[in-house]
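When the letters of the sequence shown are read in order and numbered with numbering that gives the first Met the number 0, they come out as residues 0 to 296. We put the CB at the ideal spot given by N, CA and C, even for glycine.
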Amino acid sequence: MHPITDALPATLCYLDGEYTALRDAKISVLDRGFIFGDGIYEYVPVYFGQPFCFEEHMARLDRSLAELQIENPLSLEQWREIVMRLVEPGGDEPQSVYFQVTRGVAPRDHAMVRGLRPTVFVMVNPLPPISDAIRAKGVACVTAADFRWQKAHIKSTSLLGAVLARQISVEAGAAETIMFRDEWLSEASSSNVWIVKDGKLMGPPKNNLVLTGIRYSLFERLCKALGIPFALRPISRDEVFAADELLISSASKELLPVVTLDGQAIGNGLPGPIYKSLYAAYQQAKQHNAQKHGALA
């Protein structure tokens with residue numbers, strides 16, 4: 000056995016109606032998720048024992064399933080019940096919930112097979128926070144052409160393009176790979192990308208070339224509360240390098256300031272005021288979510 004395989008945790012997971020130890024969970028080699036990547040996934044952060052932006056994540060799961068013509072096998076209440084069975088209640092340690100739904104098991108054939116029972120898998124992992132030191136300093140990123148497919152709006156388990164894109168930054172010693180299609184900003188390998196210019200937060204428009212992160216609607220709400228102008232529009236490569244601030248966001252990163260891109264300083268090379276305001280508001284939103292569900296007084 001590989002050392003990593005040997006070290007798989009015995010934490011509880013959910014697989015096709017059963018709760019079992021993660022290291023013991025098994026699926027068929029003919030599962031279409033394994034053969035074709037024919038499935039979707041979601042990733043939900045959990046703070047203070049409560050999933051954050053849960054309804055928004057589940058709505059995106061619905062949209063992705065609809066794009067693949069897979070019927071959602073569970074109701075919102077059933078998904079939440081699984082989450083609450085798996086997560087550690089209370090406490091200050093963040094967790095993450097990974098959901099995966101594939102078309103199911105069938106003889107290998109590219110055509111969509113009707114009437115299959117979807118394979119449903121859910122697991123929980125720790126969500127290590129990004130250190131205050133990194134947030135205070137900011138991170139470096141690199142750029143690359145966006146060589147992925149034309150349906151990036153589907154949160155598909157077919158993630159080879161994202162894997163290859165992320166490896167570019169890994170080998171460069173950078174935090175992320177920020178990608179462009181024909182010199183227009185799309186997204187990073189596993190993050191959305193934002194620029195700040197003259198106090199205004201801007202991101203690429205919602206379309207099939209970008210996976211619309213849950214932070215799209217969250218940042219729009221936070222910006223409105225903070226009085227920060229917010230817009231979605233095409234953003235050129237030149238605008239990215241000329242930005243006052245450059246930010247990346249995801250469920251695991253929350254919001255991070257990018258201070259250099261391809262070795263070039265962004266703005267003054269330090270995390271900026273819009274980042275600091277939005278990050279503080281983000282932390283408040285996490286606490287408000289926990290309070291709403293009774294996890295915090």
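Secondary structure of Gln290 (DSSP, three-state): helix. Within the same chain, Cβ atoms closer than 7 Å to the Cβ of His56 are found at Glu41, Val43, Ile213, the five residues on either side in sequence being excluded. Straight-line measurement puts the Cα of Tyr281 at about 8 Å from the Cα of Leu221. Taking C-beta atoms as the reference points, Ile69 and Arg102 count as a pair closer than 8 Å.
When the Cα atoms are used, Gly266 and Thr142 turn out to be separated by approximately 17 Å. Val45 is the residue among Leu159, Val45, Val119 whose C-alpha sits nearest the C-alpha of Pro125. The beta carbon of Ile167 sits closer than 7 Å to those of Val141, Ala143, Thr176, all from its chain and outside the five residues before and after it, given in chain order.
Taking a contact to require three or more Cβ pairs closer than 8 Å, the segment 57-68 and the segment 181-189 do not qualify as touching. Non-local C-beta neighbours of Cys52 in its own chain, meaning closer than 7 Å and more than five positions away in sequence, comprise Ile213, Leu217, ordered along the chain. Beyond the five residues adjoining it in sequence on each side, Tyr215 comes within less than 8 Å, by CB distance, of Asn191, Gly202, Lys205, Leu231 in the same chain, given in chain order. A check of alpha carbon separations from Gly48 across Val100, Trp193, Val123, Leu255 identifies Val123 as the nearest. Beta-bridge partners of Pro256 (DSSP): Leu246. Using a C-beta cut-off of 8 Å, the segment 104-121 makes contact with the segment 12-29, since at least three inter-stretch Cβ pairs fall below that distance. Looking at the DSSP output, Thr142 bridges to Ile177. Fewer than three pairs of CB atoms, one per stretch, sit closer than 8 Å, so the segment 72-87 makes no contact with the segment 23-35.
Annotation: the continuous alpha helix (DSSP H) that includes Gln166 extends over 159-171. Distance from the CA atom of Lys199 to the CA atom of Lys275, rounded to whole angstroms, is 14 Å. Ile194 sits close to Val239, with the two beta carbons spaced by under 8 Å. Here Ser216 is not bridged, per DSSP, to any residue. Nearest to Asn288 by C-alpha distance, out of Leu21, Pro50, Pro8, Tyr18, is Pro50. If you keep only unbroken beta strand (DSSP E) runs of at least 3 residues inside the segment 48-133, you get 94-101, 118-125. Assignment of Asp15 by DSSP, reduced to helix, strand and coil, places it in the coil class. A straight-line Cα-Cα distance of about 12 Å links Ala132 and Leu255.
Straight across, the Cα-Cα distance linking Pro93 with Gln286 is about 12 Å.
In this model, Arg84 and Lys223 are separated by some 35 Å (Cα to Cα). Counting only the Cα atoms, Ala151 lies some 10 Å from Asp145. Closest in alpha carbon position to Gln99, among Leu60, Lys136, Pro106, Phe35, is Leu60. DSSP lists no beta-bridge partner residue for Gly32.
The residues Cys12, Leu14, in chain order, have a CB closer than 6 Å to that of Ala24 in the same chain once the five nearest residues on each side in sequence are set aside.
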